[in-house]
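Worksheet: one structure, shown below.
Protein chains: 2
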Amino acid sequence: MEKNVLVLIPLKEEQKRILEEKAPSANFTYAKSQTVDAGQVQNANIIIGNPPVHMLKASKKLKWLQLNSAGVGEYAEEGVLPEGAVLTNATGAYGPAISEYMLGVLLELFKKLHIYRDNQAEANWSYEGKVKAIFDSTALIVGAGDIGGEFAKRLKGLGAYTIGVKRTEGHKPDYLDELYLMDKLEALLPRADIVALSLPETPLTKGIINESTLKLMKKDAVLINVGRGSAVDTEALCDALEKGQLLGAALDVTEPEPLPKEHRLWKIKNAVITPHVSGGYSLEETRRRIAGIAAGNLEAFIRGTKLINVVDCSKGY
Amino acid sequence: MEKNVLVLIPLKEEQKRILEEKAPSANFTYAKSQTVDAGQVQNANIIIGNPPVHMLKASKKLKWLQLNSAGVGEYAEEGVLPEGAVLTNATGAYGPAISEYMLGVLLELFKKLHIYRDNQAEANWSYEGKVKAIFDSTALIVGAGDIGGEFAKRLKGLGAYTIGVKRTEGHKPDYLDELYLMDKLEALLPRADIVALSLPETPLTKGIINESTLKLMKKDAVLINVGRGSAVDTEALCDALEKGQLLGAALDVTEPEPLPKEHRLWKIKNAVITPHVSGGYSLEETRRRIAGIAAGNLEAFIRGTKLINVVDCSKGY
Numbered sequence: 056m057e058k059n060v061l062v063l064i065p066l067k068e069e070q071k072r073i074l075e076e077k078a079p080s081a082n083f084t085y086a087k088s089q090t091v092d093a094g095q096v097q098n099a100n101i102i103i104g105n106p107p108v109h110m111l112k113a114s115k116k117l118k119w120l121q122l123n124s125a126g127v128g129e130y131a132e133e134g135v136l137p138e139g140a141v142l143t144n145a146t147g148a149y150g151p152a153i154s155e156y157m158l159g160v161l162l163e164l165f166k167k168l169h170i171y172r173d174n175q176a177e178a179n180w181s182y183e184g185k186v187k188a189i190f191d192s193t194a195l196i197v198g199a200g201d202i203g204g205e206f207a208k209r210l211k212g213l214g215a216y217t218i219g220v221k222r223t224e225g226h227k228p229d230y231l232d233e234l235y236l237m238d239k240l241e242a243l244l245p246r247a248d249i250v251a252l253s254l255p256e257t258p259l260t261k262g263i264i265n266e267s268t269l270k271l272m273k274k275d276a277v278l279i280n281v282g283r284g285s286a287v288d289t290e291a292l293c294d295a296l297e298k299g300q301l302l303g304a305a306l307d308v309t310e311p312e313p314l315p316k317e318h319r320l321w322k323i324k325n326a327v328i329t330p331h332v333s334g335g336y337s338l339e340e341t342r343r344r345i346a347g348i349a350a351g352n353l354e355a356f357i358r359g360t361k362l363i364n365v366v367d368c369s370k371g372y
Numbered sequence: 056m057e058k059n060v061l062v063l064i065p066l067k068e069e070q071k072r073i074l075e076e077k078a079p080s081a082n083f084t085y086a087k088s089q090t091v092d093a094g095q096v097q098n099a100n101i102i103i104g105n106p107p108v109h110m111l112k113a114s115k116k117l118k119w120l121q122l123n124s125a126g127v128g129e130y131a132e133e134g135v136l137p138e139g140a141v142l143t144n145a146t147g148a149y150g151p152a153i154s155e156y157m158l159g160v161l162l163e164l165f166k167k168l169h170i171y172r173d174n175q176a177e178a179n180w181s182y183e184g185k186v187k188a189i190f191d192s193t194a195l196i197v198g199a200g201d202i203g204g205e206f207a208k209r210l211k212g213l214g215a216y217t218i219g220v221k222r223t224e225g226h227k228p229d230y231l232d233e234l235y236l237m238d239k240l241e242a243l244l245p246r247a248d249i250v251a252l253s254l255p256e257t258p259l260t261k262g263i264i265n266e267s268t269l270k271l272m273k274k275d276a277v278l279i280n281v282g283r284g285s286a287v288d289t290e291a292l293c294d295a296l297e298k299g300q301l302l303g304a305a306l307d308v309t310e311p312e313p314l315p316k317e318h319r320l321w322k323i324k325n326a327v328i329t330p331h332v333s334g335g336y337s338l339e340e341t342r343r344r345i346a347g348i349a350a351g352n353l354e355a356f357i358r359g360t361k362l363i364n365v366v367d368c369s370k371g372y
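These protein sequence lines are chains A and B, in that order. If you read the first sequence in my numbering, its first letter stands for residue 56, the second for the next number, and so on. If you read the second sequence in my numbering, its first letter stands for residue 56, the second for the next number, and so on.
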């Protein structure tokens with residue numbers, strides 16, 4: 056069996072060395088997702104990282120694709136990977152980075168730090184009134200997987216009551232006070248001070264926060280989205296924020312994305328927008344974890360043992 | 056013994072009722088600190104709240120002053136209270152409010168949320184580079200009392216290594232990995248990613264963060280001050296931030312305070328300024344806790360048992 060490994064993650068030298076030790080007889084090629092050429096992709100038996108999707112259609116030799124993302128998007132669609140190829144993702148790598156980001160934007164909205172920052176630009180020393188606390192609040196974690204779970208753990212430690220909503224049945228971990236399936240979302244929204252979305256893009260998650268579900272939220276609740284922009288109907292959210300139907304929203308992902316310069320969301324005071332930066336390699340720990348998942352899976356693949364983070368392409372995660 | 060109780064805290068009706076039940080034979084007067092008249096202050100045997108300091112000089116009848124603040128400032132100075140009068144403060148009331156504020160501004164700086172907020176004002180979708188994490192960072196808590204302690208607990212729960220510095224010898228709580236006296240400050244500063252000041256104003260704490268101690272901080276460390284503005288030499292901090300000697304600073308207290316409109320600190324990008332709002336009654340829970348401390352102490356005072364939060368006026372806290 057040929058073992059051409061194409062690595063599209065910007066690894067450090069030591070991380071490359073560790074990876075190569077897991078498959079001593081393999082040939083390693085390092086390239087960038089943005090500039091990799093079609094020939095390199097076609098020649099690979101194993102790809103570590105996210106290649107351009109259109110290049111995969113001709114990749115007859117591909118046996119295994121290890122993504123550097125938690126979301127799988129088009130990679131899981133029928134006909135993208137050759138028959139029998141395994142797809143694994145990087146679930147577990149982004150928890151620390153994204154959950155701390157979520158805590159940051161939550162406190163920014165709860166403590167009005169976004170308003171104080173605006174005031175600072177005008178050298179304005181003014182009190183902006185009451186704040187909310189995580190302590191004693193109720194959080195609804197929609198998509199309680201790796202990222203949502205890490206966020207829930209942190210909230211629980213800070214004194215919040217945590218309710219998780221998942222797409223599939225599962226055991227309730229200790230850091231969730233309650234756990235439900237997605238069909239209970241509408242019944243749960245009115246209870247939450249914090250509604251956090253960390254969902255992959257699937258037909259079931261598109262637009263789950265829309266005009267009617269926004270109306271179910273508390274007037275002093277905040278919405279956080281770190282999954283995919285499509286989970287939220289952006290126009291409905293703009294309307295709700297403008298009408299004061301909720302305290303605020305923090306969005307690291309938007310639809311459309313990037314948010315066009317002229318979009319009204321930019322100007323809504325209680326919207327906090329960041330340009331899809333909560334994950335990626337913004338935090339060095341994330342790269343370290345992705346390298347670790349890839350190295351562990353490479354060792355397993357070579358030995359013929361079980362890989363972790365195998366994606367069920369029929370579900371899309 | 057006459058029991059004229061003057062209450063200067065804006066209590067809710069239920070909180071007034073609870074207070075009055077603790078001293079059924081007392082006469083209660085409710086007023087505001089800002090508008091109380093000298094006659095009311097002079098006539099009081101017990102004051103709950105912070106009266107104008109100059110009015111106390113004529114208060115011969117005062118037996119006990121329960122402040123609504125954690126800081127005691129001028130109230131502890133010689134000759135302010137009549138001989139034998141007891142001074143108590145509101146230590147314990149501000150922990151949840153201020154420690155969550157501290158977490159908020161810390162994450163604002165670590166995750167560059169202040170920069171992304173500035174970018175938002177210009178509809179600018181740009182990546183601002185690497186971020187830092189609380190996870191695996193080292194925090195130096197200068198003034199590890201109620202507020203510093205609550206902050207340390209939260210940081211520890213989020214995966215930070217916590218070092219406390221106190222003004223007096225004491226038992227090391229579990230949420231501090233190390234505990235030292237103030238004389239070790241200079242040796243500890245180079246280790247910290249987070250330097251948090253929650254100190255009262257005393258001759259010993261004035262200007263402890265100055266040109267020379269700022270030079271000891273890591274280039275990617277952040278400074279947080281929620282105690283008194285005088286703990287930091289503002290001009291030296293401005294210089295250090297302008298030169299990029301540290302990652303950023305978050306100040307809820309400044310010297311001078313309020314910060315004058317023309318002060319250069321307003322315009323320094325990596326300074327985050329809020330107008331002394333982390334405590335006060337910004338969070339309802341704080342008022343509830345102050346009312347609880349006052350009611351408990353009133354009961355003890357009437358019964359002649361031990362009060363909590365008694366201030367040692369010779370130390371100033």
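Virtual Cβ for every residue (Gly too), placed ideally from N, Cα, C. Bear in mind the structure is a predicted one, so any value in this text is a computation, not a measurement.
C-alpha gap between residue i and residue j, whole angstroms
i              : j              : result
V127 (chain B) : A350 (chain A) : 58 Å
K208 (chain B) : L168 (chain A) : 22 Å
E310 (chain B) : A188 (chain B) : 29 Å
E383 (chain B) : T223 (chain B) : Residue 383 (chain B) lies beyond the range of chain B shown here (56 to 372); nothing can be said about it.
E431 (chain B) : R343 (chain B) : Nothing can be reported for residue 431 (chain B): it is not among the residues displayed for chain B, which extend from 56 to 372.
A346 (chain A) : G359 (chain A) : 20 Å
D294 (chain B) : G134 (chain B) : 39 Å
D191 (chain A) : A86 (chain A)  : 49 Å
I64 (chain B)  : G225 (chain B) : 32 Å
K273 (chain A) : A247 (chain A) : 7 Å
A176 (chain A) : E183 (chain B) : 19 Å
R172 (chain B) : A305 (chain A) : 11 Å
I73 (chain A)  : E266 (chain B) : 44 Å
S154 (chain B) : V220 (chain A) : 29 Å
Three-state secondary structure assigned by DSSP to residue i
i              : result
W321 (chain A) : helix
K270 (chain A) : coil
K221 (chain A) : strand
Y85 (chain B)  : strand
G303 (chain A) : strand
L213 (chain B) : coil
A242 (chain B) : helix
Y182 (chain A) : coil
I101 (chain A) : strand
C-beta atoms of residue i and residue j nearer than 9 Å
i              : j              : result
K116 (chain B) : N105 (chain B) : no
L320 (chain A) : L301 (chain A) : no
V308 (chain A) : G335 (chain A) : no
T217 (chain B) : D232 (chain B) : yes
V250 (chain A) : L164 (chain A) : no
L338 (chain B) : V186 (chain A) : yes
V141 (chain A) : M110 (chain A) : no
Y149 (chain B) : I102 (chain B) : no
G299 (chain B) : A326 (chain B) : no
L401 (chain A) : Y235 (chain A) : The displayed coordinates of chain A run from 56 to 372. Any statement about residue 401 (chain A) would go beyond what the structure contains.
T329 (chain A) : Y156 (chain A) : yes
H318 (chain A) : A178 (chain B) : yes
V108 (chain B) : Y130 (chain B) : yes
Contacts that residue i makes with chain A (C-beta to C-beta distance below 8 Å)
i              : result
S181 (chain B) : P330
G159 (chain B) : G159, L162, E163, F165, K166 and L168
E340 (chain B) : A188, F190 and D191
Proximal residues of chain B, C-beta to C-beta of residue i below 7 Å
i              : result
Q175 (chain A) : W321 and I328
P151 (chain A) : A188 and F190
Within chain B, the residues that residue i reaches when beta carbons sit closer than 9 Å
i              : result
L314 (chain A) : A178 and W180
Y171 (chain A) : V327, I328, T329, P330 and V332
Integer-rounded CB distance, given that residue j should sit under 8 Å from residue i
i              : j              : result
L314 (chain A) : G282 (chain A) : Incorrect: roughly 16 Å between the Cβ atoms, too far for contact.
T146 (chain A) : G200 (chain A) : 7 Å
I323 (chain B) : A286 (chain B) : Not a contact, Cβ separation roughly 18 Å.
A93 (chain A)  : V60 (chain A)  : Contact doesn't hold; Cβ gap of about 17 Å is too wide.
L162 (chain A) : L162 (chain B) : 6 Å
Listed by chain order, chain B residues near residue i by CB distance under 8 Å
i              : result
S155 (chain A) : Ser is not the amino acid found at residue 155 (chain A); the sequence shown has Glu there. Neighbours of E155 (chain A) on chain B, chain order: L162, F165, K166, A188, I189, F190 and L213.
Residue i: contacting residues in chain A (beta-carbon distance under 7 Å)
i              : result
R209 (chain B) : L213
K116 (chain B) : Chain A residues near K116 (chain B): none, gap ~34 Å exceeds 7 Å.
S337 (chain B) : K185 and V186
Neighbour flag for residue i against chain E, beta carbons, 9 Å
i              : result
R246 (chain A) : Protein chains in the displayed structure are A and B, and chain E is not among them.
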